[in-house]
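Report on the structure given below.
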């Protein structure tokens, strides 16, 4: 089974609107970390936000928030007030337990329309 | 901090040639990862090191690939001989294993084209 599933290959959003990128994960370990990365067309992988499995509150970083629903095993990324510069590939990732293995999803391509 | 430094940023070579990619992790990080990204296969983990020791190299495609980490501030990924199917972007990343979040920080990548 896939550890990380991103079911949206491509998404479009109007500038200034909010958008949600979906991510589900699969693990039986009670301790894990969830990450989102942005990869613009220039190619670098940029860390956006982190959520620990024991964190009580959803993580937020500026316009990014992580909608963490533990029972559903989902960790959706919400981008508020989209900007043209948000157009990029977005990858969800998980690290299980105390290990150092990171599992990445296949990514979602986001296009912000002016 | 300068971040994870990779070189070269771009490499074009001919089939059969040796390719060496280099990586300097973030100072103080104790884990280093080599990933390969292609359109067909996405992001693949090739190998990772903890405290300069290779922990998992099950992602290394075949014996043509080798990676070393002689010290905490330097790692190489070597392909010998190179083949056209090795064309990809190779990322190095580092993290502080044992820290709370253990965030993976990526370098800018090395784009390899094998003709």
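Chains as they are written, first to last, in my numbering: chain F, -17 to 96; chain D, 61 to 175.
The beta-carbon is built from N, C-alpha and C at its ideal position, and this holds for glycine as well.
* Measure the CB-CB distance between residue 137/D and residue 153/D and report whether it falls below 8 Å. => Counting from one through the second chain, the residue named residue 137/D turns up at place 77. Counting from one through the second chain, the residue named residue 153/D turns up at place 93. Not in contact: residue 137/D and residue 153/D (Cβ atoms no closer than 8 Å).
* Mind checking the stretch 11 to 30 of chain F against chain D and listing, in chain order, the residues whose C-beta falls within less than 9 Å of any C-beta there? => Cβ contacts with chain D: 15, 17, 19, 21, 24, 25, 26, 27, 28 and 29.
* beta strand (DSSP E) containing residue 33/F: first to last residue? -> Reading the first chain from its first residue, position 51 is the one you call residue 33/F. Where residue 33/F is concerned, the enclosing beta strand (DSSP E) stretches over 28 to 34.
* Asked: Using the beta-carbon count (16 or more within 10 Å), is residue -6/F buried or exposed?
  -> Walking along the first chain from the start, residue -6/F turns up at place 12. Note on residue -6/F: under 16 other CB atoms within 10 angstroms of its CB, so exposed under the neighbour-count rule.
* Asked: Contact check, residue 31/F vs residue 45/F under 8 Å by CB: the rounded distance?
  -> One-based indexing of the first chain puts residue 31/F at position 49. One-based indexing of the first chain puts residue 45/F at position 63. Here residue 31/F is actually not in contact with residue 45/F; their C-beta atoms are around 10 Å apart, not less than 8 Å.
* Find the nearest neighbour of residue 182/D within the set 173/D, 96/D and 69/D, judged by alpha-carbon distance. => Look at the range of chain D in this structure, 61 to 175, and you will see that residue 182/D is not part of it.
* Asked: Since residue 70/D and residue 145/D are thought to touch, with beta carbons under 8 Å apart, how far apart are those beta carbons, to the nearest angstrom?
  -> If you number the second chain from 1, residue 70/D lands on position 10. If you number the second chain from 1, residue 145/D lands on position 85. Between residue 70/D and residue 145/D, the beta carbon gap of about 18 Å keeps them out of contact (Cβ cut-off 8 Å).
* So with Cβ pairs under 8 Å, would you call residue 149/D a contact of chain F? -> Walking along the second chain from the start, residue 149/D turns up at place 89. Closer than 8 Å to the CB of residue 149/D there is at least one CB belonging to chain F.
* Asked: When we look at the beta-carbon of residue 36/F and count the other beta-carbons within 10 Å, is it buried (16 or more) or exposed?
  -> In the first chain, the residue the question calls residue 36/F occupies position 54. Burial call: exposed.
* Asked: Is it right to say residue 68/F is buried, meaning 16 or more other beta carbons lie within 10 angstroms of its own, or is it exposed?
  -> Residue mapping note: residue 68/F aligns to position 86 of the first chain, counting from 1. Buried: at least 16 other Cβ atoms inside 10 Å.
* Comparing the C-beta of residue 168/D with each C-beta of chain F, is any distance below 8 Å? -> Within the second chain, numbered from 1, the residue matching residue 168/D stands at position 108. For residue 168/D, at least one C-beta of chain F is nearer than 8 Å to its own C-beta.
* **Backbone secondary structure at residue 117/D - three-state DSSP** => Counted from its first residue, the second chain places residue 117/D at position 57. Coil, per DSSP.
* Of the residues that make up the stretch 67 to 86 of chain F, which ones have a beta carbon closer than 8 Å to any beta carbon in chain B? -> In the structure shown, chain B cannot be found, because the protein chains are F and D.
* **Length-filtered (3 minimum) beta strand (DSSP E) runs lying within the stretch 75 to 104 of chain D** => If we require 3 residues or more, the beta strand (DSSP E) runs fully inside the stretch 75 to 104 of chain D come out as 79 to 84 and 91 to 98.
* Please state whether DSSP places residue 145/D in a helix, a strand or coil. => Within the second chain, numbered from 1, the residue matching residue 145/D stands at position 85. Three-state result, residue 145/D: helix.
* **residue 93/F at chain D interface by Cβ criterion, 8 Å** => On the first chain, position 111 is the one that residue 93/F refers to. Contact with chain D is absent for residue 93/F, since none of that chain's Cβ atoms lies less than 8 Å from the residue's Cβ.
* **Inter-residue Cα distance where the pair is residue 34/F and residue 3/F** => For this step, residue 34/F is matched to residue 52 along the first chain. For this step, residue 3/F is matched to residue 21 along the first chain. Distance between the alpha carbons of residue 34/F and residue 3/F: 18 Å.
* Across which residues does DSSP place residue 67/D in a beta bridge pair? -> For this step, residue 67/D is matched to residue 7 along the second chain. Per DSSP, the beta bridge partners of residue 67/D are 82/D.
* Residues in the stretch 153 to 167 of chain D having any Cβ partner in chain F nearer than 9 Å -> Answer set for the stretch 153 to 167 of chain D: 153, 155, 157, 158, 160, 161, 162, 163, 164, 165, 166 and 167.
* Asked: Within the chosen definition, does the stretch 73 to 84 of chain F reach the stretch 14 to 25 of chain F through at least 3 CB pairs nearer than 8 Å?
  -> Touching, yes.
* **Bounding residues of the beta strand (DSSP E) (the contiguous stretch that carries residue 135/D)** => To locate residue 135/D, count along the second chain from 1; it is residue 75. Counting along the chain, residue 135/D sits inside the beta strand (DSSP E) bounded by residues 134 to 139.
* To do: Indicate whether at least one CB of chain D lies closer than 8 Å to the CB of residue 7/F.
  => One-based indexing of the first chain puts residue 7/F at position 25. Contact of residue 7/F with chain D is not assigned, every C-beta pair being separated by 8 Å or more.
* By the 10 Å Cβ neighbour count, where 16 or more other Cβ atoms means buried, how is residue 66/D classified, buried or exposed? -> As a first step, residue 66/D must be located in the second chain, where it is residue number 6. Burial call: buried.
* **Meets three-Cβ-pair contact criterion under 8 Å: the stretch 84 to 93 of chain F and the stretch -16 to -6 of chain F** => Contact between the stretch 84 to 93 of chain F and the stretch -16 to -6 of chain F is present, with at least three C-beta pairs closer than 8 Å.
* Answer with yes or no whether the minimum CB distance from residue 88/F to chain D is below 8 Å. => Indexing the first chain from 1 puts residue 88/F at position 106. Chain D contact via Cβ: present.
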